[in-house]
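Novice:
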Amino acid sequence: MKRVSAFLLAAGFCGLGLAASAQAPETVTSAEIYLRLNKLNVLGTVLYMAAHPDDENSRLIAYMAKDRLYRTAYLSMTRGDGGQNLIGDEQGVELGLIRTQEMLAARRVDGAEQFFSRAFDFGFTKSTEEALKTWDKEKVLSDAVWVIRRFQPDVIITRFPPDSRAGHGHHSASAVIAQEAFVAAADPSRFPEQLKYGVKPWQARRIFWNTFNFGGANTTSEDQLKIDVGGFNPILGKSYGELAAISRTNHKSQGAALTPARGQSMEYFKLVAGDGAHSDPMEGVETTWRRVEGGEKIERMVNQLIRDFSLAHPEKSVAGLAAVYKAIGDLKDGYWKTQKLKEVAALITDCSGLWLEAVTRSPYAVQGDSLPVQIVLNNRLDAPIALREVTLDRFDTVLQMNLDGDKNYSFTRNLYVSLDKPLTQPYWLMEDMSPGSFNVKDQRLIGDPVGAPAYSVSFRLEVSGQEMVLTRPVQYKYTDAVKGELYEPLTVLPPATARFNPDLVLFTDGEQKGFRVEAMDRTGHAGLPKMVLTPTPGLTIGSSAGLAWTAKPSPSDATGTVISSLLFERNGRQDTALQLRTIAYDHIPRIDYFKMVREKFVLADVRIAGHRIGYIEGAGDKVPEALQEMGYEVVLLNEKDCTPAFLKQFDAVIAGVRAYDVHDWLSARHEVLMQYVNEGGNLIVQYNRGNLGRMTTAIGPYNFAIANIRVTDEHAPVHFLLPDHAVLNYPNKISSTDFEGWIQERGIYFAGQTDPAYQEVLSMSDPGEQEQKGSLIVAHYGKGTFVYTGLVFFRELPAGVPGAYRLMANIIALNQKKGF
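As numbered in mature numbering (1 follows the signal peptide of the UniProt record, and there is no 0), residues -24 to -1, 1 to 796 make up the sequence shown, in order.
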């Protein structure tokens, strides 16, 4: 279940802070603790590299992290911003925010860590060169080098090759970046500015391509290095194929779940560069404490802990772990010292059952306001732990208390939120984007999946005489009557928020239209600031009582888009108003981010014929809102509505994107929908993929296939195969101008193998490729019409592309002008 809200807010961005994957404090079983104890004696690292969320080989990653116990990570070039969304209507950066959290949820299952570069997923491309140019190759290469220098992988593994076998320009580009970064990371003359942040040049031992056999392509061969990653882990009670399947169920916005695999599963590796290996990817790499000076002693101590570990009484290991913590702390500073201190501290928490949390009763902290924070500790297994100090927002509370067993220690501290406290904002959205990448000023943040939480509490503890500091984020905690106890991020807000409703106003005939500003005083006492709109050339803006505004185009034949920003004015100072967008799904933490409050005014010569539209929502899109702005009355339809008697009232029935993919019942209603068409209706089906097993019958009255055919160049010339067809002439005369200003792509999942009864209206192609004719097909059936289109109206209409509105109006009007 999803809930999305939007509010607007003023006060400029400054600072970090998408809360780092808010969730309940982790508790683990003794079996998992035992696995982590064994990992203490493993000092090896593996970095997997590919292009998008879900490109990773989850089974191999789970095997490396949970069987071989290496520190394992996945570096994804993008956050998946440009894909399709199966669970909602979020697109672009919002989809990237969702997929970032889905990736973190997947990593919590398979045991790996997650990194991202600054590359933006600008949509499908067939060209490696286009991907590298759009991303700014040197910029993204710098990011990969930075991650390698920080993570220090012994082995790098790519999912794809650097050529057309990768199947996607982003895929092949990720391999190019990986191969060049393998060399550049070891060269102190490459990206030397990174070295002042504490990293050093790093040479991984080797880089492999993890070859594959899927999608009709088999790149494996028996002369390649291969290992079995399909084993069963009795400590976890699952095979690595099962762990991978659980991991991938978190990619819900992509519908990427897999059937759990059991039994032998071979993975193949082709050496790209570095030392050769014959039997294992980590062959010849020292992965014990012997790689660290003075580490042999620690290995012996950990082995003793493993031998003595009690599943029933893990707290008996706390004193020994404290001794290991001290011994590691006495080593020379270095990569493995830092990493293993973190692991031991986490193990002490796990073995003692130590509960630490800092929570509020509100999801929001408002600049200039204050809120209470409740801090709770519980030493549930009576380990030898004493609390010495608690620090919240730089204010220390010195305490000297032993934590008795299974006793709640709770106290409240008031948190003052300064007026200059940075707003909670994903760090990669702090600056304006470049065309194909995000901009991040702080080098130290690059690669991180998310930024730091808004506030954290530090606990200075003494464990068996050894001092250590643990931190926990301040979170919002509440109890839902159905879902139980829930934790969400704490978000820092400015004193006021607002939004435009609607956020796009379409002018088709010079008429005056109204829109509103929905504003909220977040403090509850400061009141709303004065609101000012930036100038709007070609429009006359007037305001009426309250927050209602009007806009009227100036007399002109001009078409296009005018954008006006909202400003907040207090004490003679104007600041850009910002919108707070909240995205919430059950499978990921709540996501808050800010964007400037802008109203988009679209001036377009759009005529419509017909009035009443039935809309079957699919995976999620904003087409119904665009149709309403065009002047149609839109009724959202469900399964019960799809009867001949009910459908006959509509001038057109439109199926949303991937509607047949996500609704089983649509196939069962095929005859009803065809009856609607036969009796004079107009059924319009937007793109589907047909890969989820729910399409059990044809979509249209005659056969056609849904093909993985797309035109990714949004500037690709569009040719009119049937220039006299009604869909190109009524009520709007369509010309090549109507295909200007499109975003991301022309269309996806075109019709193929079409029955001769269908008319193919348009043709288009990516540069150098064969013309594709399946973007818009139309058929007469009885008295009505059927349309299938892969044109991406779900992107173009919300973006305010005038030509997309005109063409959609013509598709809807097909039955208003008989005979085509």
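Every residue gets a Cβ at the ideal spot worked out from N, C-alpha and C, and that includes glycine.
1) Where does L790 fall in DSSP's three states?
2) With a CB to CB cut of under 6 Å and the five nearest residues on each side skipped, what residues in its chain are close to I422?
3) Excluding the five sequence neighbours on either side, which residues of its own chain have a C-beta within less than 8 Å of the C-beta of G669, listed in chain order?
4) Along the chain, which unbroken stretches of the alpha helix (DSSP H) at least 4 residues long are found entirely within the segment 139 to 205?
5) DSSP state of V261, grouped into three classes?
6) If I follow the unbroken alpha helix (DSSP H) through K316, where does it start and stop?
7) For V374, does the count of other Cβ atoms within 10 angstroms reach 16, so buried, or fall short, so exposed?
8) I'd like the span of the alpha helix (DSSP H) that includes residue 812, first residue to last.
9) Can you list, in chain order, the residues of its chain with a C-beta nearer than 6 Å to that of W185? Leave out the 5 residues immediately preceding and following it.
10) Quick one: residues in its chain with C-beta nearer than 6 Å to the C-beta of E487, no 5 flanking neighbours on either side, listed in chain order?
11) Taking 8 Å as the limit between beta carbons, can you name the residues of its chain near R356, skipping five residues before and five after?
12) With burial defined as no fewer than 16 other Cβ atoms inside 10 Å of the residue's Cβ, what is the status of A789: buried or exposed?
13) Taking contact to mean 3 or more Cβ pairs, one atom from each stretch, closer than 8 Å, check whether the segment 747 to 765 and the segment 647 to 656 are in contact.
14) Can you list, in chain order, the stretches of the alpha helix (DSSP H) that have 4 or more residues and sit fully within the segment 55 to 88?
15) Just reading off the beta strand (DSSP E) that D130 is part of, what are its end residues?
16) Find out if the Cβ-Cβ distance for the pair L51, F91 is shorter than 7 Å.
17) Measure the alpha-carbon distance for Q720 versus F98 and round it to whole angstroms.
18) Just grab the DSSP bridge partners of K506 for me.
19) By the DSSP assignment, the alpha helix (DSSP H) with S432 in it spans what residues?
20) To the nearest angstrom, report how far apart G(-8) and E269 are at their CA atoms.
21) Please report how far the alpha carbon of M507 lies from the alpha carbon of K576, in whole angstroms.
22) Pairing CB atoms from the segment 488 to 495 with CB atoms from the segment 465 to 475, are three or more of them under 8 Å?
23) Please classify A(-6) as buried or exposed, where buried requires at least 16 neighbouring CB atoms within 10 angstroms.
24) Kindly list the residues whose CB is nearer than 7 Å to the CB of A775, restricted to its own chain and excluding five residues on each side of it in sequence; keep chain order.
25) In whole angstroms, what separates the C-alpha of P429 from that of L399?
26) Can you tell me the Cβ-Cβ gap for P257 and L219, rounded? I've got them flagged as a contact below 8 Å.
27) Tell me which same chain residues have a C-beta within less than 7 Å of the C-beta of S519, skipping the five on either side of it?
28) Under 8 Å: do the segment 769 to 788 and the segment 565 to 580 share three or more Cβ pairs, one atom per stretch?
29) Hey, could you find the ends of the alpha helix (DSSP H) G217 is sitting in?
30) Terminal residues of the continuous beta strand (DSSP E) containing M740?
31) Does the segment 336 to 345 come close enough to the segment 457 to 469 that 3 or more CB-CB pairs lie under 8 Å?
32) Can you give the Cα-Cα distance for P620 and P600, rounded to whole angstroms?
33) Can you name the residues that DSSP bridges to R238?
34) Among R125, S148, F188 and D204, whose alpha-carbon lies nearest the alpha-carbon of R166?
35) Is the Cβ-Cβ distance between L80 and P425 less than 7 Å?
36) In whole angstroms, what separates the C-alpha of I787 from that of N189?
Specialist: Taking the definition as stated:
1) On the sequence shown, position 814 is the one that residue 790 refers to. DSSP places L790 in helix when its eight states are reduced to three.
2) By one-based count along the sequence shown, residue 422 stands at place 446. Closer than 6 Å at the Cβ level, and outside the excluded window around I422, lie D119, W122 and V416.
3) Translated into the one-based positions of the sequence shown, residue 669 becomes position 693. Since pLDDT at G669 reaches only 48, below the 50 mark, its modelled position is unreliable, and no value is offered.
4) 145 to 160
5) Translated into positions along the sequence shown, residue 261 becomes position 285. The answer is coil: DSSP assigns V261 none of H, G, I, E or B.
6) The residue labelled residue 316 in the question sits at position 340 within the sequence shown. Residues Y311 to S328.
7) Within the sequence shown, the letter at position 398 stands for residue 374. That one is exposed.
8) No information on residue 812 is available, as it lies outside the stretch -24 to 796 that the chain covers here.
9) Indexing the sequence shown from 1 puts residue 185 at position 209. Shown here for W185: same chain residues with a beta carbon closer than 6 Å to its own, the five before and five after excluded, namely T134, P137, K246 and V248 in chain order.
10) As a working mapping, residue 487 is identified with position 511 in the sequence shown. Excluding positions up to five away in sequence, the list is empty.
11) Start at 1 with the first residue of the sequence shown, and residue 356 comes out as number 380. Answer for R356: S328, G329, L330, W331, G381 and D382, listed in chain order.
12) As a working mapping, residue 789 is identified with position 813 in the sequence shown. So A789 ends up on the buried side.
13) Result yes; three or more Cβ-Cβ pairs closer than 8 Å.
14) 69 to 86
15) In the sequence shown, the residue the question calls residue 130 occupies position 154. No beta strand (DSSP E) holds D130; DSSP gives it neither H nor E.
16) Numbered from 1 along the sequence shown, position 75 holds the residue referred to as residue 51. Numbered from 1 along the sequence shown, position 115 holds the residue referred to as residue 91. Cβ distance < 7 Å, so L51 and F91 count as in contact.
17) Within the sequence shown, residue 720 is the residue found at index 744, counting from 1. Within the sequence shown, residue 98 is the residue found at index 122, counting from 1. Whole-angstrom Cα-Cα distance: 7 Å.
18) What you label residue 506 is simply residue 530 of the sequence shown in a count that begins at 1. Answer is E545, bridged to K506.
19) Looking up residue 432 in the sequence shown gives position 456. From DSSP, S432 is part of no alpha helix (DSSP H) but of the beta strand (DSSP E) over S432 to V439.
20) The residue given as residue -8 occupies position 17 in the sequence shown. The residue given as residue 269 occupies position 293 in the sequence shown. Low confidence applies to G(-8): its pLDDT is 31, below 50, so where it sits in the model is not reliable enough to give any reading.
21) Mapped onto the sequence shown, residue 507 falls at position 531. Mapped onto the sequence shown, residue 576 falls at position 600. For M507 and K576, the distance between alpha carbons rounds to 17 Å.
22) Because the criterion of three Cβ pairs below 8 Å is met, the segment 488 to 495 and the segment 465 to 475 touch.
23) The residue given as residue -6 occupies position 19 in the sequence shown. Interpretation of A(-6) is limited by its pLDDT of 38, a score under 50 that renders its predicted location unreliable; no figure is taken from the coordinates.
24) In the sequence shown, residue 775 corresponds to position 799, counting from 1. Counting only Cβ-Cβ distances below 7 Å, and skipping sequence neighbours, we find I719.
25) For this step, residue 429 is matched to residue 453 along the sequence shown. For this step, residue 399 is matched to residue 423 along the sequence shown. The alpha-carbon atoms of P429 and L399 are separated by roughly 11 Å.
26) The residue given as residue 257 occupies position 281 in the sequence shown. The residue given as residue 219 occupies position 243 in the sequence shown. That pair is no contact at about 19 Å.
27) The residue labelled residue 519 in the question sits at position 543 within the sequence shown. Taken in chain order, the residues that qualify are W525.
28) yes
29) If you number the sequence shown from 1, residue 217 lands on position 241. Per DSSP, G217 belongs to the alpha helix (DSSP H) from Y216 to R224.
30) Position 764 of the sequence shown, counting from 1, holds the residue named residue 740. From DSSP, the beta strand (DSSP E) with M740 extends over L738 to M740.
31) Three or more beta-carbon pairs drawn from the segment 457 to 469 and the segment 336 to 345 are found closer than 8 Å, and the two stretches are therefore classed as touching.
32) One-based indexing of the sequence shown puts residue 620 at position 644. One-based indexing of the sequence shown puts residue 600 at position 624. Their Cα atoms are separated by approximately 22 Å.
33) Translated into the one-based positions of the sequence shown, residue 238 becomes position 262. R238 pairs with nothing; no bridge assigned.
34) To locate residue 166, count along the sequence shown from 1; it is residue 190. Cα-wise, what sits closest to R166 is R125.
35) Numbered from 1 along the sequence shown, position 104 holds the residue referred to as residue 80. Numbered from 1 along the sequence shown, position 449 holds the residue referred to as residue 425. Going by C-beta atoms, L80 is nearer than 7 Å to P425.
36) The sequence position of residue 787 within the sequence shown is 811, counting from 1. The sequence position of residue 189 within the sequence shown is 213, counting from 1. When rounded, the distance between both Cα atoms is 41 Å.
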